[in-house]
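Q: Structure incoming, see below.
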Amino acid sequence: MLDQRLLRNDPTLITGPLARRGMATDLSGLRQLALEARDLEQRRSELQAEGNRIGKEVGERIRAGAAPGGEEVKELREQGNRIKRQVGELEEQEKGIETQLLEQLMVLPNLPSPLCPSGRSEADNVEVKRWGSPRVAAGGEELQEHWQIAERLGIVDTERSVRIAQSRFVTLLGQGARLERALISFMLDRHGQRGYTEVLPPVLVNTASLTGSGQLPKFAEESFRCADDDLWLTPTAEVPVTSLHRGEVLGAEQLPLKYAAYTPCFRREAGSYGRDTRGLIRLHQFNKVELYWFVAPEDSEAAHEQLTLDAEAILEALELPYRRLELCTGDLGFSAARTYDLEVWLAGAGTYREISSCSTCGDFQARRASIRFRDGKTTRLLHTLNGSGLAVGRTMAALLEAGQQPDGSVRLPGALVPYFGAEALTPAGPPAAAAGAAAGR
RNA sequence: GGAGAGGUGGCCGAGUGGUCGAAGGCGCAGCACUGGAAAUGCUGUAUAGGGGCAACUCUAUCGAGGGUUCGAAUCCCUCCCUCUCCGCCA
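If you want it as C-alpha cells, here you go:
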C-alpha cells in the first residue's frame, strides 16, 4: 500500500512513477477523499476532547458534593449527550470515507524503484547476466522436452491426476517423486548454509495474510478459496512468511531476517488456458522454495542483489545455464518495486524459461501488513524482499532436458547425487528400491 | 465436539464506573557513586493518527467489534484467541 501522506502532500510523486508502469492515473478524487478523512478526524477529535472535558467536570462536581441526578449536572449531561451524538455522526462519515479510501488505495500497485528501467512489456526487460553454456543438439542428436522424457521414464502421471483432481495437476512417481524431494532438500540445505532460517509454514492462509502481501483484494480470482472458512490455498510462501511478522515491531538487531520456506503453491492460473499445457511448467499445484528477507530500508538494495545471488547459486550448483533479466516497469508485479527474473535454459525446448523471480517490495508490504522495526527512539516500516530459490518443478524440467542421454537415461549433476541416491534416472530404474524403505503407514 | 479458566505495556502482574495510558516488579536507557564493574540511588522508558519548525499538544488504543453511561480496563452482548480436563484423531 502506498503512503497516504504522499497522496495528500504531492500526488505527482505517485502518478509519475505509476505512469512509468504504463498507468495513467488521476488521483485528484482520491486525494480529496484523503484530505476529507483528515479533516473529519480533526473535527471529531476536537469534539471528543470537549466531551472528555465535560465528563471530567461532572466527576469533579459529584465529588464536590453535587447530587449525581441533580440539577447541577443535568445541563452538563445534556451537553455530553449532544456531543456524543455529533461524534457518532462524524465517526460514521469518517468510517465511510476511510473505507472508500482504503478500497482505492489497496488496488494501486507499488511504485517502481527509480532503478527499475522503463518499458512497456516483457519485450523491454533487460538481460543483465548470463551464466553457463546452454546445451544444444549435437550432430544428429534430437533433444526432447521434459514432458517427453518424463513420460518415457514413467515418472509423471498426468492423465490419472485428472482423475484425482483436474487438469494442470501432476502426480510424480518413483524416481520423479524422489527427485522432487531431493531437490527440495538440496535447496533448503544450501540456503541454510548461507544463513537462511528454514520455515515450514501453513499453506492455508487467511484473508488478512493474502491482503498483507498484496494478492488481495485485487487478485482474488488467482487463488483457490475454501468455501466454508476464511482460508485460501497459498499461491506462494511469500504470503505466510510475510504474515509471520505481521503486526510486529522487530528489534533493529534482529535484521536482516532471512527465511527459506518450502511450500506447495496453488494457483488458479485463470486466463492461461492452452498455455504450457504439457509437463511441469504451469500447474495448479507446484512446489517452491522461497527466499524471504526482512531488512532495514537502507539495506534493501544490497539485500536484493544478495538474495538473487543466493537463488542463482542453486542453478549454478545444479550446473543449469541461466540468464538474469531485470524487469522493466511495464512487467513488474503488483507488490514489487524492482525485480530480477532468473530464466533457466531448457535444452529440449531450446529456450530460457522463468524459474525464479526476485523482488524488492520496499515498504509496500510492510505498510499493508504493519511490520516495523525499532530504529533508535522511533519505529519505522521495514523493507521486504522475496525470490524463488527455486521453483522445484521447473528445476526438474530443466534437469531432465539438460541431462538427457542417447540411451534414454538422465544424468544428474554431481551435487544432487547424495540427495537422489544415484547418478542418473534410468528407464528401467527400480523406483521403489531407489526410494528406500521408509514406507509410511 | 463437550466442560471450565483466562486474554492488561518489551515481559510479569495490580486494577474501586470518574483525577487510569493505566500501581508495583523485571528488563532496557541515561546519570550519580566506582580505578573499572557489581550492588545501590535518581531519572526516563507503549503504539498509531492529527496539528506544530519545535518545545509540545489533541485523539484513539487494556484480545476484536457493538452497547449502557455525562464518563468504561472495570458493567452488558457478540465474536476471536490461549490454557486445562474429557472425547476424537495423523
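For any residue, its number in this note's numbering is found by taking its place in the first sequence, counting from 1, and adding 13. We treat Cβ as the ideally placed atom computed from N, Cα and C, and that holds for glycine.
Anyone know if the C-beta pair for L268 and A315 falls short of 8 Å?
A: No, the pair does not count as a contact, with Cβ atoms beyond the cut-off.
Q: Leaving out five residues on either side along the sequence, give the residues of the same chain with a beta carbon under 8 Å from the beta carbon of R295.
A: Closer than 8 Å at the Cβ level, and outside the excluded window around R295, lie R181, E282, S285, R288, D289.
Q: Around the C-beta of R454, are 16 or more other C-beta atoms found within 10 angstroms, so that it is buried, or is it exposed?
A: Caution is warranted here: a pLDDT of 32 is assigned to R454, below 50, making its placement in the model unreliable, and the coordinate value is therefore given only provisionally. Answer is exposed; the Cβ neighbour count stays below 16.
Q: Is DSSP giving R34 helix, strand or coil here?
A: Residue state, collapsed to three classes: coil.
Q: Can you find at least 3 beta carbon pairs, one from the stretch 118 to 132 and one from the stretch 325 to 337, that sit closer than 8 Å?
A: No: the two stretches stay apart, fewer than three of their Cβ pairs being nearer than 8 Å.
Q: Where are the alpha helix (DSSP H) runs, 4 residues long or more, that stay fully inside the stretch 313 to 347, in chain order?
A: Entirely contained in the stretch 313 to 347, the alpha helix (DSSP H) runs reaching 4 residues are, in chain order, 313 to 330.
Q: For P253, does the three-state DSSP call read helix, strand or coil?
A: Helix.
Q: Would Q99 and L60 be called neighbours here (beta carbons separated by less than 8 Å)?
A: Yes; because the gap between Cβ atoms is below 8 Å, this pair is in contact.
Q: How should I177 be labelled, buried or exposed, when 16 other C-beta atoms within 10 angstroms of its C-beta is the threshold for buried?
A: Looking at its Cβ environment, which holds fewer than 16 other Cβ atoms inside 10 Å, I177 is exposed.
Q: Should S198 and Y353 be called a contact, given that it needs their Cβ atoms to be closer than 8 Å?
A: No, Cβ-Cβ distance for S198 and Y353 is not below 8 Å.
Q: Would you give the residue range spanned by the beta strand (DSSP E) that A136 belongs to?
A: That residue, A136, is in no beta strand (DSSP E); it is neither H nor E in DSSP.
Q: State buried or exposed for M36, treating a residue as buried only when at least 16 other CB atoms are found within 10 Å of its CB.
A: M36 is exposed by the Cβ-count criterion.
Q: Just the Cα atoms here: how many angstroms apart are A437 and A195?
A: So the two alpha carbons sit approximately 13 Å from each other.
Q: Determine the closest residue to I327 out of S348, L304, L166, with distance taken between C-alpha atoms.
A: For the residues S348, L304, L166, the minimum Cα distance to I327 belongs to L304.
Q: Taking 8 Å as the threshold (C-beta atoms), are V357 and T276 in contact?
A: Taking 8 Å as the Cβ cut-off, T276 and V357 do not qualify as a contacting pair.
Q: Beta-carbon within less than 7 Å of I110's beta-carbon, same chain only, minus the 5 sequence neighbours each way: which residues are those?
A: Hits under 7 Å: L46, E49, A50, L53.
Q: Along the chain, where does the beta strand (DSSP E) containing S222 start, and where does it finish?
A: Run containing S222: none in the beta strand (DSSP E); it sits in the alpha helix (DSSP H), 220 to 226.
Q: Could you check if D9 is buried or exposed, using at least 16 other CB atoms within 10 Å of its CB as the buried criterion?
A: What the structure shows of the chain is the stretch from 14 to 454, and residue 9 is not part of that stretch, so it cannot be assessed.
Q: Excluding sequence positions up to five away, which residues of its chain have a Cβ less than 7 Å from the Cβ of S174?
A: Excluding residues within five positions, the ones whose Cβ falls inside 7 Å are F182, V183, T184.
Q: Nearest-angstrom Cα distance between A445 and R280?
A: Caution applies to A445, whose pLDDT of 45 falls short of 50 and renders its modelled position unreliable; the value that the coordinates give is listed next. Going from the Cα of A445 to the Cα of R280 covers about 30 Å.
Q: Let me check understanding here. Comparing Cα to Cα, which of P419, A349, E339, T255 lies closest to G152?
A: That would be P419, whose Cα lies nearest to the Cα of G152.
Q: Does the Cβ-Cβ distance between G421 and L156 come in under 8 Å?
A: No. Outside cutoff.
Q: So, A428 versus A324, is the Cβ gap smaller than 8 Å?
A: It is not a contact, given that the beta carbons lie outside the stated cut-off.
Q: From I162, Q298, P127, R407, pick the residue whose C-alpha is nearest to that of E339; which is it?
A: Nearest C-alpha to E339: P127.
Q: Between the Cα of L270 and those of G78, E234, Y209, spot the shortest distance and give me the residue it belongs to.
A: Taking only the C-alpha atoms, the option nearest L270 is Y209.
Q: DSSP puts L270 in a beta bridge; with which residues?
A: In the DSSP output, where bridge partners are listed per residue, L270 has F307.
Q: Report yes if the C-beta distance between L412 and M200 is below 8 Å; otherwise report no.
A: Against a cut-off of 8 Å, the Cβ pair of M200 and L412 comes out as no contact.
Q: What residues in its chain sit with their C-beta under 7 Å from that of R238, if we drop five residues either side in the sequence?
A: Closer than 7 Å at the Cβ level, and outside the excluded window around R238, lie W245.
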